[in-house]
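Be aware that the sequence shown starts at 784, since it is given in my numbering, and climbs by one per residue.
Notes for the one structure printed next.
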Amino acid sequence: MEPLVFARIDRDSARAINAAIGFQPLGPDAPIPFVLPSASADYERALDCLASAVWYEAGDDRGGQQAVAQVVLNRLRHPAYPHTVCGVVYQGAQRSTGCQFTFTCDGALARHPSIPGWQRARDTARAFLAGATDPRVGMATHYHTDWVHPYWSASLDKIAQVGTHLFFRWHGGWGRRAAFASGYAGGEQREPRLAMLSPAHAGGDTPRLAYALDGAAGFASPARAGGSGLVDRGSGDHFILVDAQGDGGALALQGLGQCRGASYCKVVGWDRRAQGFGSPDNPVARTVAFLYVSDRRTGVEVVLWDCGRYNRPVDSQCLSEANRRWISFQGDLSRAS
């Protein structure tokens, strides 16, 4: 089965062919809940692989995301597919054709979701790794949009439609619940394509962000110099070097990942190419290139960039004299008012 092998026809013709294929009853089989404990060593990689599938395949649509998540986990349990989340999602991604989910090999990963959008995708993925199911798509292992026609379409049972996506299961016994008996293998692979979205998939070869967190090797802890213009470090603060280029959106997602689950967290970044003017070991406030602040206790979430280094779409996202107070924020709104 190669989902990228489509009939060479226009959209209207594809829709007409797809509509002519009748729906088969879902039948009594219901999807099998899948639970991966959050304490598992595989959890974070599995979570972000599943989140990438639901966001790139269904966008910011909750219902569509749920259907895609169900297909991924159905495949994980089926003997025809890999038995890890990342293995299912990125199967065949090294090829220009033959990948099982088109976003993994068509260049879509160069487009990054917004921070709230990525959070919502991870919420969907988190629910499905905790046992949520989507009965609407039953035991579906395949889907496609209604404006394309894969050659495999007629060889499977069409069983559901969610939005513009049509869902299919295998014919006969391989499409019945009893066939979905494979166990979870564990050992989720690192996906370098996700490194800019997911700290769990970042490795030593990730070039755009170098962490220097809480006294990490290679960086001295910054001096607490009060009125000297240096940034004091507090509990929950992370000082990093960044490569200041592009729009910085992926960096914001890294900040979000770094602060995941923390009640208070701040990420302050300095331009790697200008370390003499400010860095984690010389934390000059006026030369901060990137700032992420999250305080779940007060509902604060702030993301700001030095727009001389990053191309941001609106001025309100730029560090300025009016909002640099957030650099010294420590969870006390009176200091940022």
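Quick reminder that beta carbons are idealized off the backbone N, C-alpha and C, glycines included.
The structure presented is a predicted model; accordingly, all values stated were derived computationally and were not measured.
* To do: Out of Pro816, Ala822, Gln853 and Ala824, state which residue places its alpha-carbon closest to the alpha-carbon of Ala834.
  => By one-based count along the sequence shown, residue 834 stands at place 51. For Ala834, the closest alpha carbon among the candidates Pro816, Ala822, Gln853 and Ala824 is that of Gln853.
* To do: Let me know the secondary structure DSSP gives Ser938 once reduced to three states.
  => Position 155 of the sequence shown, counted from the start, is the residue given in the question as residue 938. The answer is helix: DSSP assigns Ser938 an H, G or I state.
* To do: Measure the C-alpha to C-alpha separation of Ser981 and Cys1090 and round it to an integer number of angstroms.
  => Along the sequence shown, read from residue 1 onward, the residue named residue 981 stands at position 198. Along the sequence shown, read from residue 1 onward, the residue named residue 1090 stands at position 307. Distance between the alpha carbons of Ser981 and Cys1090: 24 angstroms.
* Can you name the start and end residues of the alpha helix (DSSP H) that Asp906 belongs to? -> Against the sequence shown, residue 906 aligns to sequence position 123. Ile898 to Leu912 is the span of the alpha helix (DSSP H), which, as asked, contains Asp906.
* Relative to the C-alpha of Pro820, which residue among Leu912, Arg1056, Val855 and Gln972 is closest? -> What you label residue 820 is simply residue 37 of the sequence shown in a count that begins at 1. For the residues Leu912, Arg1056, Val855 and Gln972, the minimum Cα distance to Pro820 belongs to Leu912.
* What whole-angstrom Cβ distance do Tyr1075 and Cys1042 have, given they're in contact under 8 angstroms? -> In the sequence shown, the residue the question calls residue 1075 occupies position 292. In the sequence shown, the residue the question calls residue 1042 occupies position 259. 7 angstroms between Cβ atoms; contact.
* **Simplified DSSP state of Phe1112, which is helix, strand or coil** => Counting from 1 along the sequence shown, the entry for residue 1112 is found at position 329. In the structure shown, Phe1112 sits in coil (DSSP, three-state: anything other than H, G, I, E or B).
* Asked: Are Ala841 and Thr916 closer than 9 angstroms when you measure CB to CB?
  -> What you label residue 841 is simply residue 58 of the sequence shown in a count that begins at 1. What you label residue 916 is simply residue 133 of the sequence shown in a count that begins at 1. Their beta carbons are not under 9 angstroms apart, which means Ala841 does not touch Thr916 by this criterion.
* Asked: Residues bridged to His925 by DSSP?
  -> The residue you call residue 925 lines up with position 142 of the sequence shown. According to DSSP, His925 bridges with Phe951.
* Is His861 near Ala968, with beta carbons less than 9 angstroms apart? -> Mapped onto the sequence shown, residue 861 falls at position 78. Mapped onto the sequence shown, residue 968 falls at position 185. No, the pair does not count as a contact, with Cβ atoms beyond the cut-off.
* To which residues does DSSP link Trp1088 through a beta bridge? -> Here residue 1088 refers to the residue found at position 305 when the sequence shown is read from its first residue. For Trp1088, which the question treats as bridged, DSSP gives the partners Phe1073 and Cys1101.
* To do: Check Trp1053 in the structure and name its three-state DSSP category.
  => Position 270 of the sequence shown, counting from 1, holds the residue named residue 1053. Of the three classes helix, strand and coil, the one that applies to Trp1053 here is strand, per DSSP.
* To do: Can you grab the Cα-Cα spacing for the pair Ala802 / Arg959, in whole Å?
  => For the purposes of this step, residue 802 is taken as the residue at position 19 of the sequence shown. For the purposes of this step, residue 959 is taken as the residue at position 176 of the sequence shown. The alpha-carbon separation between Ala802 and Arg959 amounts to approximately 24 angstroms.
* Can you give the Cα-Cα distance for Gly900 and Asp843, rounded to whole angstroms? -> Sequence index remark: in the sequence shown, residue 900 carries index 117 (1-based). Sequence index remark: in the sequence shown, residue 843 carries index 60 (1-based). Near 6 angstroms, if we compare the C-alpha coordinates of Asp843 and Gly900.
* **Any C-beta of chain B under 9 angstroms from that of Thr924** => No chain B appears in the structure shown, which is made up of a single protein chain.
* **Buried versus exposed, by CB contacts within 10 Å (16 or more), Gly1061** => The residue labelled residue 1061 in the question sits at position 278 within the sequence shown. With 16 or more other Cβ atoms within 10 Å, it is buried.
* Excluding five sequence neighbours on each side, which residues of the same chain lie with their C-beta closer than 7 angstroms to the C-beta of Pro918? -> Residue numbering aside, residue 918 sits at position 135 when the sequence shown is read from its first letter. Cβ within range, chain order: Ala813 and Pro814.
* Other residues of its chain near Val871: CB distance less than 7 angstroms, five sequence neighbours each side excluded -> Taking the sequence shown and counting its residues from 1, the one referred to as residue 871 is at position 88. Taken in chain order, the residues that qualify are Val855, Arg858, Leu859, Tyr864 and Pro865.
* **C-alpha distance - Gly1019 paired with Val1071, whole-angstrom precision** => By one-based count along the sequence shown, residue 1019 stands at place 236. By one-based count along the sequence shown, residue 1071 stands at place 288. The alpha-carbon atoms of Gly1019 and Val1071 are separated by roughly 17 angstroms.
* Burial state of Val1097, where buried means 16 or more other Cβ atoms lie within 10 Å -> The residue labelled residue 1097 in the question sits at position 314 within the sequence shown. Exposed is the call here.
* Asked: DSSP beta-bridge partners for Phe886?
  -> Along the sequence shown, one-based indexing puts residue 886 at 103. According to DSSP, Phe886 bridges with nothing at all.
* **N- and C-terminal bounds of the alpha helix (DSSP H) containing Leu830** => Reading the sequence shown from its first residue, position 47 is the one you call residue 830. Run containing Leu830: Tyr826 to Ala841, per the alpha helix (DSSP H) assignment.
* Are the beta-carbon atoms of Ser1077 and Leu1039 separated by less than 9 angstroms? -> Walking along the sequence shown from the start, residue 1077 turns up at place 294. Walking along the sequence shown from the start, residue 1039 turns up at place 256. A contact, by the Cβ cut-off of 9 angstroms.
* Where the beta strand (DSSP E) through Asp1020 begins and ends -> Along the sequence shown, one-based indexing puts residue 1020 at 237. From DSSP, the beta strand (DSSP E) with Asp1020 extends over Asp1020 to Val1025.
* Asked: How many angstroms separate the CA atom of Gly1017 from the CA atom of Gln1113?
  -> Counted from its first residue, the sequence shown places residue 1017 at position 234. Counted from its first residue, the sequence shown places residue 1113 at position 330. Taking the straight line joining both Cα atoms gives about 7 angstroms.
* Is the beta carbon of Arg1079 sitting closer than 9 angstroms to the one on Arg973? -> Locating residue 1079 in the sequence shown gives position 296, counting from the first residue. Locating residue 973 in the sequence shown gives position 190, counting from the first residue. Not a contact, by the Cβ cut-off of 9 angstroms.
* Does the distance from the C-beta atom of Val1067 to that of Leu1034 stay below 9 angstroms? -> The residue you call residue 1067 lines up with position 284 of the sequence shown. The residue you call residue 1034 lines up with position 251 of the sequence shown. Going by C-beta atoms, Val1067 is not nearer than 9 angstroms to Leu1034.
* **Short Cβ contact (9 angstroms threshold) for Asp929 with Ala797** => Translated into the one-based positions of the sequence shown, residue 929 becomes position 146. Translated into the one-based positions of the sequence shown, residue 797 becomes position 14. By the CB criterion at 9 angstroms, Asp929 and Ala797 fall inside the cutoff.
* **Pairwise C-alpha distance: Gly1029 and Ala910** => Taking the sequence shown and counting its residues from 1, one reaches residue 910 at position 127. Taking the sequence shown and counting its residues from 1, one reaches residue 1029 at position 246. Each residue's alpha carbon lies about 33 angstroms from the other.
* To do: In the DSSP assignment, find the alpha helix (DSSP H) that holds Asn801 and state where it starts and stops.
  => Residue 801 sits at position 18 when you count from the first residue of the sequence shown. Arg794 to Ala803 is the span of the alpha helix (DSSP H), which, as asked, contains Asn801.
* To do: Indicate whether Val920 and Ala836 have their beta-carbon atoms separated by less than 9 angstroms.
  => Working through the sequence shown from its first residue, we reach residue 920 at position 137. Working through the sequence shown from its first residue, we reach residue 836 at position 53. No. Outside cutoff.
* Identified DSSP bridge partners for Leu1013 -> Indexing the sequence shown from 1 puts residue 1013 at position 230. Looking at the DSSP assignment, Leu1013 forms a beta bridge with Val1067.
* Asked: Does DSSP put Pro918 in a helix, a strand or coil?
  -> For the purposes of this step, residue 918 is identified with residue 135 of the sequence shown, where counting begins at 1. If DSSP states are grouped into helix, strand and coil, Pro918 belongs with the helices.
* Asked: Thinking C-alpha only, which one of Arg976, Gly1031 and Ile1110 is nearest Ala876?
  -> As a working mapping, residue 876 is identified with position 93 in the sequence shown. Cα-wise, what sits closest to Ala876 is Arg976.
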